[in-house]
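Since the structure comes first, as C-alpha cells, the remarks are kept for the end.
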Amino acid sequence: MSVFRGHTLTCHPTEYQIGGQCCPMCPVGSRVRKHCTESRSTSCLNCDEGTFMDRPTGLTECFPCVRCDSGSGVKIKTACTATSNTVCEPLEGFYCLFSSENGCVEAQKHRSCQPGQYISQTGTALKDTECSDCRDGTFSDGTLLTSCQPHTQCQSLNLQLIKPGTASTDAECGEQSSGAVIGVVVVVICLLIILAIALLFVLRLKKKKYTGMIGI
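Okay, structure coming up:
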C-alpha cells in the first residue's frame, strides 16, 4: 500500500520502500528474492542454513548465525534457526566476561585457589571463584579446597612434633623415642662421672702439693 503526501512516500509498517514504491515485506525466516512490481508481489525465499531473519524484512540476505567459539570460552546454549540467532553460554568451569543480546560473547576459566587458600565463593556462569587465605592453625594443600583443615595436634596422639604445620602443609608427627631419652640420660651420667673423676684428681694433686710443702 502506497500513500503519497506531496513528494514523500510513506509505506505501511508491513511494507518496505524500494525504487519509489512500497513492497510487502517477507516474513520472519525468509528474505527477498525479487522485489515487487506493479503487477507482482514480493517474491521471498527461506533463509539458507547458517543464516536467520528474526523480523519481517525487505532485505535480500538473511543474517549469518553467531558461532559459539570454544576458544573464546563459550558453547551453544540455543542453536540457530531460520527465525532466531544462536545463543551462547560459558563452558563448564568458565564465567562470562562480555555478553550481548545473543548471550555470552567471551568467557574466562574460573580461577584456581592455591595451596594455603580455600574456595570462599564458588564460581558461577556469571561470577569468578573467590579464594581466601587459611587462618592460623589450619592448612590447605590444594587437594581439598572447599575448606581449610586444622593442623594435626601431635600431643593429643601421644606423638612428638617433628615439623610445625604451615598454611599449605600439615604438622608432621613422629613416635616418642624412648631410646633417645635413655641415650641422653647415659650421656649425662657419663659426663658427671668424668667430672667427678677430674675433681678427685685435682683434689689429690692439691693434697700432694700441700704435703710436700709441709715436709720442707
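So the sequence shown is numbered by UniProt numbering: it starts at 1 and just counts up by one. The beta-carbon is built from N, C-alpha and C at its ideal position, and this holds for glycine as well.
Contact under 8 Å by Cβ, residue i with residue j
| i | j | result |
| --- | --- | --- |
| residue 148 | residue 134 | yes |
| residue 75 | residue 97 | no |
| residue 93 | residue 109 | yes |
| residue 26 | residue 57 | yes |
| residue 168 | residue 132 | no |
| residue 138 | residue 129 | no |
| residue 151 | residue 171 | yes |
| residue 47 | residue 31 | yes |
| residue 159 | residue 174 | yes |
| residue 82 | residue 29 | yes |
Buried/exposed call for residue i, threshold 16 Cβ in 10 Å
| i | result |
| --- | --- |
| residue 85 | buried |
| residue 49 | exposed |
| residue 196 | exposed |
| residue 201 | exposed |
| residue 162 | exposed |
| residue 43 | exposed |
| residue 41 | exposed |
| residue 67 | exposed |
| residue 4 | The predicted position of residue 4 is uncertain, since its pLDDT is 43 and thus under 50; no value can be drawn from it. |
| residue 70 | exposed |
Residue i (DSSP reduced to helix, strand or coil)
| i | result |
| --- | --- |
| residue 33 | strand |
| residue 196 | helix |
| residue 91 | coil |
| residue 205 | helix |
| residue 234 | Residue 234 is absent from the model: the chain starts at 1 and stops at 216. |
| residue 71 | helix |
| residue 114 | coil |
| residue 156 | helix |
Nearest residue (CA-CA) to residue i, options the options
| i | options | result |
| --- | --- | --- |
| residue 34 | 159, 28, 61 and 14 | 61 |
| residue 16 | 169, 36 and 171 | 36 |
| residue 166 | 116, 39, 45 and 101 | 116 |
| residue 24 | 18, 30, 31 and 14 | 14 |
- Task: Taking 8 Å as the threshold, find out whether the region 42-58 comes into contact with the region 74-89 through three or more Cβ pairs.
- Result: Judged by Cβ distances under 8 Å, the region 42-58 makes contact with the region 74-89, as three or more pairs qualify.
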